[in-house]
Amino acid sequence: MMQLSVENLTICFGGLVAVDAVSFGVAKGELVGIIGPNGAGKSTTFNAIAGVAAPTSGTIHFDGQRIDRLPPEQVSRRGIARTFQLVRLFRSMSVLENVMVGATSSSHSLQAARRRAVETLEMLGLGPRTHNRISTIPLADQKRTEIARALASEPAILLLDEMMSGLNPQETDEIIALIRTLNQAGLTIVIIEHVLRVVMSLPQRIIVLDHGRLIAEGSPQVVMHDPLVIEAYIGRKHGLAELGGPP
Ligand SMILES: Nc1ncnc2c1ncn2[C@@H]1O[C@H](COP(=O)(O)OP(=O)(O)OP(=O)(O)O)[C@@H](O)[C@H]1O
Ligand SMILES: [Mg+2]
94 MMQLSVENLT ICFGGLVAVD AVSFGVAKGE LVGIIGPNGA GKSTTFNAIA GVAAPTSGTI
154 HFDGQRIDRL PPEQVSRRGI ARTFQLVRLF RSMSVLENVM VGATSSSHSL QAARRRAVET
214 LEMLGLGPRT HNRISTIPLA DQKRTEIARA LASEPAILLL DEMMSGLNPQ ETDEIIALIR
274 TLNQAGLTIV IIEHVLRVVM SLPQRIIVLD HGRLIAEGSP QVVMHDPLVI EAYIGRKHGL
334 AELGGPP
């Protein structure tokens, strides 16, 4: 049985079909990538899974239970955590305080939330940043804090939306290593990504969206040579980052 199962998901904004009858599954422990040109419907798919965007039609199941009509807090309580394409932290608050926000949903007390947050920061190498304000730390550490906040809720699946944008190659490699470690520890991960090096090296399987439709699915090597995928990127003039065009 799939841990996450999206069936015939359609999301319309007025006349625009942002997600068009998309179906895919993610098995427990998998690391799946979602790629596609700008506006393909990737973030909207995440929003639907997280309970933020209401599907026009279709269903989403998690651990065999329907979640597509649940509010975001309940989706989070069932073990789905996500990060945002643009960093969404409280900028005037400390790293610890931000991560405690994530920890409160799974903790019984403030003290437990704090303990959980401190543990998570240590695990991600953010210990030295614990009391720094978000607005004063480098972007890479802000992204790590976002991951820490998501992990502090003790999720079963982590949805990462374009983690690598704005990072330099070394920072990107560090986040790649972190994601790989988390996955090897058993966490299911779905990652939306534009950076080609990440797309080709990290996921076991890739799903490609274009104009809201799922146009290809398979191993990175197979998918990136699929004529439909190449066409989708040429047609949009928005190549994958570092690619400057089709593969
Ligand atoms: N809340 C909204 N209201 C209206 N239109 C929206 C809304 N959210 C997304 N859209 C539109 O839906 C389409 C899909 O957007 P989405 O953000 O899912 O794309 P994406 O694949 O994540 O793109 P990008 O790579 O640029 O992040 C776009 O045309 C976008 O303008
Ligand atoms: Mg997006």
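Adding 93 to a residue's 1-based position in the sequence shown gives its number in the working numbering. C-beta atoms are modelled at their ideal positions from N, C-alpha and C, and glycine is treated no differently.
- Cβ distance (whole Å) where G151 is taken to contact N101 below 8 angstroms: 4 angstroms
- Taking the DSSP output, what are the residues bridged to R226? Answer is S187.
- Go through the region 230-266 residue by residue and report every complete run of the beta strand (DSSP E) that reaches 3 residues or more, in order. 250-254
- Determine the burial state of H318: buried for a count of at least 16 other Cβ atoms within 10 Å of its Cβ, exposed for fewer. By the C-beta density criterion, H318 is exposed, having fewer than 16 other C-beta atoms within 10 angstroms.
- Under 8 angstroms, do L275 and L251 count as touching if we go by C-beta distance? yes
- Relative to ligand 2, is the shortest distance from any of its heavy atoms to the C-beta of K236 smaller than 7 angstroms? no
- Output the distance between the C-alpha atoms of E247 and S169, rounded to the nearest integer angstrom. Distance from the CA atom of E247 to the CA atom of S169, rounded to whole angstroms, is 9 angstroms.
- Message: In the DSSP assignment, the beta strand (DSSP E) including I298 goes from what residue to what residue?
- Response: The sequence given here has Arg at residue 298, not Ile. From DSSP, the beta strand (DSSP E) with R298 extends over 298-303.
- Query: Are the beta-carbon atoms of V125 and I269 separated by less than 8 angstroms?
  - Reply: By the CB criterion at 8 angstroms, V125 and I269 fall outside the cutoff.
- Query: What residues match up with S150 in a beta bridge as DSSP calls it?
  - Reply: T103
- Measure the alpha-carbon distance for P130 versus H201 and round it to whole angstroms. When rounded, the separation of the alpha-carbon atoms in P130 and H201 is 42 angstroms.
- Neighbourhood of L253 by C-beta, 6 angstroms cutoff - its chain only, sequence neighbours within 5 removed: T176, I284
- Task: Please say whether I173 and A143 have beta carbons closer to each other than 8 angstroms?
- Result: yes
- Message: So, under 8 angstroms CB-CB, V288 and M257 are touching, yes? Tell me the CB distance rounded to an integer number of Å.
- Response: 5 angstroms
- Query: When you compare only the Cα positions, how much space is there between E215 and S312?
  - Reply: 33 angstroms
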